[in-house]
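Single-structure report; data block below.
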Amino acid sequence: MLEQCITNVRAAVPLVHNITNYVTVNDVANILLACGGSPIMSDEPEDVSDITSICGGLNINIGTLNQHSIEAMFVAGRRANELGHPVLLDPVGAGASALRTNTAVKLMEELKLDAIRGNVSEIKTLALGSGTTKGVDADAADAVTDGNLDAMVRFAKDFAAKAGVIVAITGAIDLVADGNTCYVIRNGRPEMGRITGTGCQLSGMMTAFLVANPDNKLEAAAAAVCAMGLAGETGWSHMRPEDGNSTYRNRIIDAISHMDADTLREGAKYEVR
Amino acid sequence: MLEQCITNVRAAVPLVHNITNYVTVNDVANILLACGGSPIMSDEPEDVSDITSICGGLNINIGTLNQHSIEAMFVAGRRANELGHPVLLDPVGAGASALRTNTAVKLMEELKLDAIRGNVSEIKTLALGSGTTKGVDADAADAVTDGNLDAMVRFAKDFAAKAGVIVAITGAIDLVADGNTCYVIRNGRPEMGRITGTGCQLSGMMTAFLVANPDNKLEAAAAAVCAMGLAGETGWSHMRPEDGNSTYRNRIIDAISHMDADTLREGAKYEVR
Amino acid sequence: MLEQCITNVRAAVPLVHNITNYVTVNDVANILLACGGSPIMSDEPEDVSDITSICGGLNINIGTLNQHSIEAMFVAGRRANELGHPVLLDPVGAGASALRTNTAVKLMEELKLDAIRGNVSEIKTLALGSGTTKGVDADAADAVTDGNLDAMVRFAKDFAAKAGVIVAITGAIDLVADGNTCYVIRNGRPEMGRITGTGCQLSGMMTAFLVANPDNKLEAAAAAVCAMGLAGETGWSHMRPEDGNSTYRNRIIDAISHMDADTLREGAKYEVR
Chain B
1 MLEQCITNVR
11 AAVPLVHNIT
21 NYVTVNDVAN
31 ILLACGGSPI
41 MSDEPEDVSD
51 ITSICGGLNI
61 NIGTLNQHSI
71 EAMFVAGRRA
81 NELGHPVLLD
91 PVGAGASALR
101 TNTAVKLMEE
111 LKLDAIRGNV
121 SEIKTLALGS
131 GTTKGVDADA
141 ADAVTDGNLD
151 AMVRFAKDFA
161 AKAGVIVAIT
171 GAIDLVADGN
181 TCYVIRNGRP
191 EMGRITGTGC
201 QLSGMMTAFL
211 VANPDNKLEA
221 AAAAVCAMGL
231 AGETGWSHMR
241 PEDGNSTYRN
251 RIIDAISHMD
261 ADTLREGAKY
271 EVR
Chain Y
274 MLEQCITNVR
284 AAVPLVHNIT
294 NYVTVNDVAN
304 ILLACGGSPI
314 MSDEPEDVSD
324 ITSICGGLNI
334 NIGTLNQHSI
344 EAMFVAGRRA
354 NELGHPVLLD
364 PVGAGASALR
374 TNTAVKLMEE
384 LKLDAIRGNV
394 SEIKTLALGS
404 GTTKGVDADA
414 ADAVTDGNLD
424 AMVRFAKDFA
434 AKAGVIVAIT
444 GAIDLVADGN
454 TCYVIRNGRP
464 EMGRITGTGC
474 QLSGMMTAFL
484 VANPDNKLEA
494 AAAAVCAMGL
504 AGETGWSHMR
514 PEDGNSTYRN
524 RIIDAISHMD
534 ADTLREGAKY
544 EVR
Chain E
547 MLEQCITNVR
557 AAVPLVHNIT
567 NYVTVNDVAN
577 ILLACGGSPI
587 MSDEPEDVSD
597 ITSICGGLNI
607 NIGTLNQHSI
617 EAMFVAGRRA
627 NELGHPVLLD
637 PVGAGASALR
647 TNTAVKLMEE
657 LKLDAIRGNV
667 SEIKTLALGS
677 GTTKGVDADA
687 ADAVTDGNLD
697 AMVRFAKDFA
707 AKAGVIVAIT
717 GAIDLVADGN
727 TCYVIRNGRP
737 EMGRITGTGC
747 QLSGMMTAFL
757 VANPDNKLEA
767 AAAAVCAMGL
777 AGETGWSHMR
787 PEDGNSTYRN
797 RIIDAISHMD
807 ADTLREGAKY
817 EVR
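As you go down the protein sequences, you meet chains B, Y and E in turn.
So in this note's numbering, spot 28 of the first sequence is number 28, and the numbers just go up one at a time.
So in this note's numbering, spot 132 of the second sequence is number 405, and the numbers just go up one at a time.
So in this note's numbering, spot 245 of the third sequence is number 791, and the numbers just go up one at a time.
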């Protein structure tokens with residue numbers, strides 16, 4: 001079932017409006033193209049309403065937020081809500097600063113979000129009002145493990161139900177949940193955490209998956225997570241001894257550009273709880 | 274003749290001031306270095322006059338425009354005009370939002386531009402006051418094809434004459450025209466459209482070509498278009514089965530860094546109308 | 547001795563706050579991860595105090611400064627000073643515009659800096675109040691050579707003593723000095739100057755080295771310079787005939803991700819004066 005989601009992205013070529021950080025923005029644009037979507041970036045408050053209107057979905061990432069881009073997030077988000085477009089929030093660094101935490105919380109309150117994707121510390125910050133985010137990385141103490149998996153699945157479902165969103169908590173084990181169902185996904189490699197932007201890329205790609213699969217958003221979000229992790233595995237398999245972080249970054253996007261329903265079906269590793 | 278243009282770039286090492294979007298800015302800087310130029314980026318209104326003054330040309334790209342960078346475009350553009358520096362406009366997304374369309378039109382009205390490079394939908398928006406830009410990509414219905422080539426060559430020349438610029442319309446078939454002459458260029462590969470930034474890179478590189486070839490600007494613009502397309506072909510020829518979008522992006526810049534008059538002469542595919 | 551510095555970085559995983567330009571920011575983030583550190587970027591005045599507080603050091607790069615980011619540099623710098631965090635300044639383009647020169651000078655005056663890293667023209671601008679910066683590249687007439695080495699070592703030590711910082715002047719020959727001691731480093735390759743961002747990357751990485759080696763900051767700065775140059779050599783050794791600038795950029799970061807105390811000890815080429 002999940003594999004159909006990527007086929008739908010390649011067929012629909014969803015145009016995604018990204019208000020995202022300037023650190024990983026090029027990778028976000030390239031992975032959106034690689035998966036079959038089309039990106040446009042705009043963070044000027046006067047520009048975003050028009051831009052969102054011609055797109056199919058909105059990806060809001062607060063990684064290098066500033067006063068102008070925050071205003072743009074709300075303007076674009078309200079317009080996307082009016083149009084019924086899927087809106088995703090990537091709360092980068094929620095818990096690491098008051099501005100980030102407060103902005104993410106206010107976006108949750110004032111917008112109708114379809115999905116929130118973050119690491120476990122960021123999601124805990126939003127769910128519990130506090131977290132132990134270490135910069136933009138999750139705190140190891142928060143990690144989803146086999147030892148706390150039942151509790152974390154419950155946490156993900158409860159937060160998803162309370163917030164009325166699909167929540168995607170990504171890490172060594174990924175959880176993608178709505179209030180009733182949780183995908184537990186075991187694709188990916190630890191080396192993905194040693195390059196910047198795999199989370200941001202996933203958020204962009206997930207938005208495209210949501211746009212192209214309006215009737216199966218939970219499956220779409222889970223498919224995007226499987227695709228990203230599988231690309232990390234495929235990309236790693238092509239690494240030569242002299243290759244390192246930067247080549248790995250390229251190989252992940254390369255793998256997405258080759259991915260189709262067959263490779264995703266064969267490579268996806270998940271259970272549904 | 275065109276091949277001399279790249280030799281002149283490598284000899285002159287033109288310093289190009291770029292006010293450009295944050296999505297593809299790194300690729301623009303790297304391709305400017307790869308072709309023999311030197312980039313500097315500045316978009317702060319208080320900074321741009323000094324920066325433009327030490328450069329040889331100005332590349333204005335509205336891909337992620339904001340209120341501050343728009344102001345900087347006018348300040349830098351007026352200063353470049355005073356100094357007689359070539360100024361190029363890349364109207365990214367003109368037609369996709371009122372702010373983009375209006376900014377591009379106002380830049381055309383208030384500045385003396387040497388060249389405008391965009392996709393066909395963006396150029397039609399500037400020429401006709403309306404367009405069907407699909408985000409930052411051209412609408413397929415607008416595409417230059419063998420079927421409408423005569424009409425499009427006429428359109429390009431007419432717009433170039435009316436606006437007093439060199440116009441470069443890039444797509445599957447590229448047109449580079451002034452009021453009298455149009456280069457019809459058939460270099461490139463369709464896969465170039467599946468990575469972000471090849472257009473932005475071309476605009477940066479074209480500015481360097483204009484600076485280094487002040488007496489042959491039309492040929493310089495055409496040479497830059499041929500060079501970019503040829504790099505797309507050369508880069509593609511080095512792709513291995515596991516390589517995808519991100520590696521292709523690297524291989525295009527790699528190909529530019531190896532390009533010289535001989536390879537450009539042998540590889541350029543164009544006719545003059 | 548220098549090789550211990552990279553071991554300490556990999557053990558400490560220093561979190562570095564970067565206020566840096568949007569041209570090379572992705573490479574700065576990726577090289578920080580590759581060397582064993584962890585990056586976070588924030589340039590919003592309201593955000594930076596919190597972000598700096600959870601980090602170990604601050605890297606200030608003025609490459610695409612604007613009014614908001616300048617304010618953020620001072621806010622973050624003062625907070626980092628209160629906390630005793632190492633602060634590094636990369637005065638990109640000092641000498642090329644009044645705003646850049648004045649901002650760099652004011653940052654030197656109002657903040658306690660641990661290190662300044664730039665090309666020779668930028669450093670001369672800060673030391674002498676004037677320079678001949680050619681855009682963001684050093685003027686060839688300023689270059690450190692074997693012919694002027696004694697004088698330049700004296701210059702570096704004098705500036706370091708007067709400014710109370712470690713000064714790193716990078717180019718074909720690199721100098722890393724405090725008031726008493728100067729490392730003269732001969733790692734690197736000339737091709738590194740043909741890709742954008744090797745200097746910015748070094749500044750980010752050097753900040754991580756300073757954080758992880760608080761009792762040996764001069765050695766830490768020198769070790770970062772050796773590591774960057776050695777990565778340029780190692781990366782070059784893996785280039786194939788069709789590889790060019792963009793692949794070289796990747797291979798440098800790849801080489802950093804594989805570097806350890808053994809490779810750094812064997813490859814570092816320096817003398818102490």
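Note that the Cβ used here is the ideal one computed from N, Cα and C, for glycine as well.
Residue from the options whose Cα sits closest to the Cα of residue i
i                     : options                       : result
residue 380 (chain Y) : Y:371, Y:343, Y:392 and Y:394 : Y:343
residue 413 (chain Y) : Y:527, Y:354, Y:487 and Y:443 : Y:443
residue 90 (chain B)  : B:149, B:271, B:182 and B:126 : B:126
residue 150 (chain B) : B:162, B:160 and B:175        : B:175
residue 651 (chain E) : E:632, E:576, E:582 and E:709 : E:709
residue 354 (chain Y) : Y:366, Y:388 and Y:369        : Y:388
residue 352 (chain Y) : Y:371, Y:319 and Y:335        : Y:319
residue 15 (chain B)  : B:109, B:58, B:245 and B:159  : B:58
residue 154 (chain B) : B:129, B:172 and B:124        : B:124
residue 818 (chain E) : E:723, E:761 and E:590        : E:723
residue 87 (chain B)  : B:53, B:102 and B:100         : B:53
residue 491 (chain Y) : Y:441, Y:528 and Y:316        : Y:441
residue 515 (chain Y) : B:249, B:234, B:241 and B:242 : B:234
residue 565 (chain E) : E:760, E:574, E:802 and E:558 : E:574
residue 420 (chain Y) : Y:432, Y:446 and Y:395        : Y:446
residue 549 (chain Y) : Y:373, Y:290 and Y:461        : The requested residue 549 (chain Y) is not part of the displayed model; chain Y covers only 274 to 546.
residue 547 (chain Y) : E:795, E:746, E:740 and E:808 : There is no way to answer for residue 547 (chain Y), as the model of chain Y reaches only from 274 to 546.
residue 707 (chain E) : E:690, E:646 and E:659        : E:659
residue 744 (chain E) : E:702, E:808, E:640 and E:802 : E:802
residue 642 (chain E) : E:559, E:684, E:702 and E:688 : E:684
residue 416 (chain Y) : Y:395, Y:430 and Y:402        : Y:395
CB contact flag (residue i, residue j, <8 Å)
i                     : j                     : result
residue 439 (chain Y) : residue 494 (chain Y) : yes
residue 782 (chain E) : residue 812 (chain E) : no
residue 797 (chain E) : residue 785 (chain E) : yes
residue 298 (chain Y) : residue 314 (chain Y) : yes
residue 754 (chain E) : residue 548 (chain E) : no
residue 578 (chain E) : residue 751 (chain E) : yes
residue 748 (chain E) : residue 770 (chain E) : yes
residue 791 (chain E) : residue 303 (chain Y) : yes
residue 84 (chain B)  : residue 21 (chain B)  : no
residue 638 (chain E) : residue 618 (chain E) : no
residue 159 (chain B) : residue 110 (chain B) : no
residue 746 (chain E) : residue 607 (chain E) : yes
residue 39 (chain B)  : residue 469 (chain Y) : yes
Residue(s) in a DSSP beta bridge with residue i
i                     : result
residue 587 (chain E) : E:564
residue 57 (chain B)  : B:16
residue 367 (chain Y) : Y:370
residue 283 (chain B) : Past the edges of chain B, shown from 1 to 273, lies residue 283 (chain B), and the structure says nothing about it.
residue 675 (chain E) : DSSP output for residue 675 (chain E) lists no bridge partner at all.
residue 690 (chain E) : Residue 690 (chain E) pairs with nothing; no bridge assigned.
Cβ-Cβ separation, residue j to residue i (assumed contact under 8 Å), whole Å
i                     : j                     : result
residue 227 (chain B) : residue 8 (chain B)   : With 8 Å as the limit, residue 227 (chain B) and residue 8 (chain B) do not qualify as a contact, their Cβ atoms being about 12 Å apart.
residue 756 (chain E) : residue 810 (chain E) : Not a contact, Cβ separation roughly 16 Å.
residue 323 (chain Y) : residue 341 (chain Y) : Contact doesn't hold; Cβ gap of about 16 Å is too wide.
residue 278 (chain Y) : residue 489 (chain Y) : 7 Å
residue 34 (chain B)  : residue 253 (chain B) : 5 Å
Check: residue i C-beta below 7 Å from any heavy atom of the ligand FMN
i                    : result
residue 91 (chain B) : Judged by which ligands are present, the structure shown has none, so any question about the ligand FMN falls away.
The stretch 357 to 370 of chain Y: positions lying closer than 8 Å to chain B by Cβ: 366, 369 and 370
Residues, ordered as in the chain, of the stretch 446 to 469 of chain Y that lie near chain B by beta-carbon distance below 9 Å: 466, 467, 468 and 469
Under 8 Å (Cβ pairs) to chain B, residues found in the stretch 507 to 522 of chain Y: Result list: 515, 516, 517, 518, 519, 520 and 522.
Against chain E: residues of the stretch 58 to 87 of chain B by CB proximity under 7 Å: Result list: 64, 65, 66 and 67.
Residues of the stretch 566 to 596 of chain E whose Cβ lies closer than 9 Å to any Cβ of chain Y, in chain order: 567, 568, 569, 570, 571, 572 and 573
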